[in-house]
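Residue numbers (our numbering): 221 to 721.
This is the structure we're talking about:
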C-alpha cells in the first residue's frame, strides 16, 4: 500500500510540531505502508528542519518531493494560526499520482495546492481524505471524505485522526518498529539510485511533451481559437510605437515593479463564514469619497486606513475612467469569501471591498484590477435591460464577442455556474482546467474576462500560446485600447510603489 500525504508543518506553543505533519507522523508510526509526504520545509530554521527530517527518516516517511522556502515555520495552536512557510504554493506536487492507494490532505497549506492535488486524485480515481480545522471549504464527493477537527489543531486532534485512519484501514492499532540507522541509509541510497532512472524517464517524457505541444500548437493555429494580433500595428505612446514594442515595454514595467512588490504573490487565505455586513458607503465626487453613510461600526481599524483602498483604486485605473464609479462601500462577509464586487445599474456604479481581505498588498492590487475589469467590460450601455444580465447583452458588445469566441464550445447550461453546487462547479473546472487560471474564473464569462484581464495586466505577454487560458490573454493584444490601458495601469502601479518606498 502506498499513501500520499500533503500538509503543512507548524510550531506549537507547546514546543512541538503541529499541522499536517501530525498525519504523516501517525501513518509512519502505525503503518508499514509506503508513505510519501509533500510539504514545505523552512530553510531559515535549519536546525528544526534537520530534526523534523530525522524523525521522518526514522518513521520511514519519504519526503523527496517536499520543497523549501526562505521563511520561518508557521505557528499553530487551538486559537492561533500563522501560516509562515506554509503560505506558499507547493511547487513539487506530483504530476502523476497513479499508484497511490489514498491521498490524505490537511487544509493548513495554501488552498490552490489542496484543490490541485484533490482534483488529481479525483481524476485518477484515487480515494482521498481531507482533515480540516476550517481554514477553507472543501466539499465531499463519493471518493472524498472530509473530516472536520474540533480540537483546534492537528496535534490536539491526534486521537481523532488515528481513529479515522484506523477505521479506514490505513493504520493498525500497534506501533510498528522504527527503522534502524542502517535501514535509513539503505533508503537514502535507493532514493539516489532512482535519480538516473528518473532523469532518463524525464527526457523521454520531455520529448513526448514537446511533440504534443507542437501538435497542439499546429492545431490551435488552424483551430477554433486563432488570435489576430498585429504586432506591427502603430501605437501612439511616448515609450513605444508598435504593439510589439509596447508589449515589451509593459513587461519591462513589470520587472521594475517587482523591485518593490511581487504582483503574483499569493497569500495564505483563511475562509470564514460571516454574515454580510455593510459598514460605510461613500459617494464619489470628483474622485473624492464624500457624504459617508455609516451602516455599522467598523469591527477594527479606522476610516482613514480603509479609505486608502479607494485612493489605490483611483490611482491605478486609467484616467479615461475617472468618474466611472459613483459610490464606494466598505463591507465584510468574512476573510476569504467575496473579497470585492461591482454593482452596475443605469443610475450608478458601486465598488465594494471587504475590509478583511485587504491586508496583502499584492492581492489588493489584483482585486482592484479585477473589479476595474468589470467596470470596463460591463458598461450599462451594452445591455438592453436595466442590469448587466448576460441575457440582455447587445450582440456588438465587447463581452458578447468574447463570449461567442471563448464560451460557445461549452454547453449552455455551463454559461453561468454562480448558483451551481460546489461539486458541479469543481467538475466543470477540472474538466476544462487548461481553459482557466483559477477555479473562480470558470464561474461565468464575466469572471472569465476579469481574471483574464488581470493576467493580461500583471504577467508578461504569452508567446505562442497553446492553452485556451493563455490564448484569451494573447487575444487582448488585438485591441490597441487595451495595450495602452495595460501600460497606463502598470505605470500607475510603479509610480504608486515608488511613492511608498
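Beta carbons are placed, not taken as given, at the ideal position from N, Cα and C, and that holds for glycine.
Can you give me the Cβ contacts of residue i inside the same chain, cut-off strictly under 6 Å, excluding the 5 residues immediately before and after it?
i	result
residue 687	654
residue 650	339
residue 584	578
residue 288	261 and 263
residue 346	320 and 323
residue 566	600 and 606
residue 511	503
residue 670	590, 593 and 594
Roughly how many angstroms lie between the CA atoms of residue i and residue j, to the nearest whole one?
i	j	result
residue 471	residue 350	40 Å
residue 658	residue 634	16 Å
residue 502	residue 225	48 Å
residue 595	residue 544	7 Å
residue 415	residue 286	Because the pLDDT of residue 415 is 46, which lies under 50, any placement of that residue in the model is unreliable, and the number read from its coordinates should be weighed accordingly. Cα-Cα distance, rounded: 15 Å.
residue 610	residue 368	38 Å
residue 463	residue 564	32 Å
residue 234	residue 557	32 Å
residue 428	residue 361	Residue confidence is low: residue 428 scores 47 on pLDDT, short of 50, so the model does not pin down where it sits. Its coordinate-derived value is still stated next. Computed Cα separation, rounded: 33 Å.
residue 227	residue 258	7 Å
residue 397	residue 353	31 Å
residue 392	residue 251	6 Å
residue 667	residue 468	27 Å
residue 380	residue 522	42 Å
residue 552	residue 513	16 Å
residue 616	residue 648	28 Å
residue 239	residue 230	5 Å
residue 700	residue 715	23 Å
residue 320	residue 645	26 Å
residue 574	residue 223	39 Å
residue 628	residue 588	28 Å
residue 373	residue 298	5 Å
residue 517	residue 640	34 Å
residue 342	residue 684	31 Å
residue 718	residue 703	23 Å
residue 711	residue 460	13 Å
residue 720	residue 479	13 Å
residue 336	residue 507	41 Å
Please state if the CB of residue j and the CB of residue i are separated by a distance shorter than 8 Å.
i	j	result
residue 384	residue 249	no
residue 301	residue 264	no
residue 325	residue 310	no
residue 593	residue 499	no
residue 329	residue 306	yes
residue 623	residue 597	no
residue 293	residue 276	no
residue 344	residue 318	yes
residue 497	residue 691	no
residue 713	residue 529	no
residue 378	residue 242	yes
residue 260	residue 308	yes
residue 682	residue 474	no
residue 232	residue 296	yes
residue 449	residue 697	yes
residue 253	residue 284	no
residue 542	residue 569	no
residue 477	residue 483	yes
Go through its chain and collect everything with a Cβ distance to residue i's Cβ below 7 Å, but skip five positions before and after it.
i	result
residue 245	279
residue 675	657 and 693
residue 538	705, 708 and 709
residue 548	502, 504, 509, 530 and 571
residue 559	574, 577 and 587
Kindly identify the DSSP beta-bridge partner or partners of residue i.
i	result
residue 230	238 and 294
residue 603	613
residue 446	The partner list for residue 446 (beta bridge, DSSP) is empty, contrary to what the question assumes.
residue 514	500
residue 368	352
residue 223	255 and 322
residue 457	460
residue 302	295
residue 260	287
residue 636	664
residue 561	572
residue 509	504
residue 361	364
Quick check: does the Cβ of residue i come within less than 7 Å of any heavy atom belonging to the ligand FAD?
i	result
residue 569	As for the ligand FAD, it is missing from this structure, which has no ligand bound.
Enumerate in chain order the residues of its own chain whose CB-to-CB distance from residue i is below 8 Å, with the five nearest sequence positions on each side excluded.
i	result
residue 638	663 and 664
residue 433	Because the pLDDT of residue 433 is 40, which lies under 50, any placement of that residue in the model is unreliable, and the number read from its coordinates should be weighed accordingly. Contacts found: 686.
residue 465	455
Assuming residue i and residue j are in contact, meaning their beta carbons sit under 8 Å apart, how far apart are those beta carbons, in whole angstroms?
i	j	result
residue 626	residue 613	So it is not a contact: roughly 15 Å between Cβ atoms.
residue 358	residue 323	Actually they are not in contact, since the Cβ atoms of residue 358 and residue 323 sit about 12 Å apart, beyond 8 Å.
residue 481	residue 581	6 Å
residue 576	residue 554	6 Å
Residue i CB to nearest chain C CB: under 8 Å?
i	result
residue 617	No chain C appears in this structure, which consists of one protein chain only.
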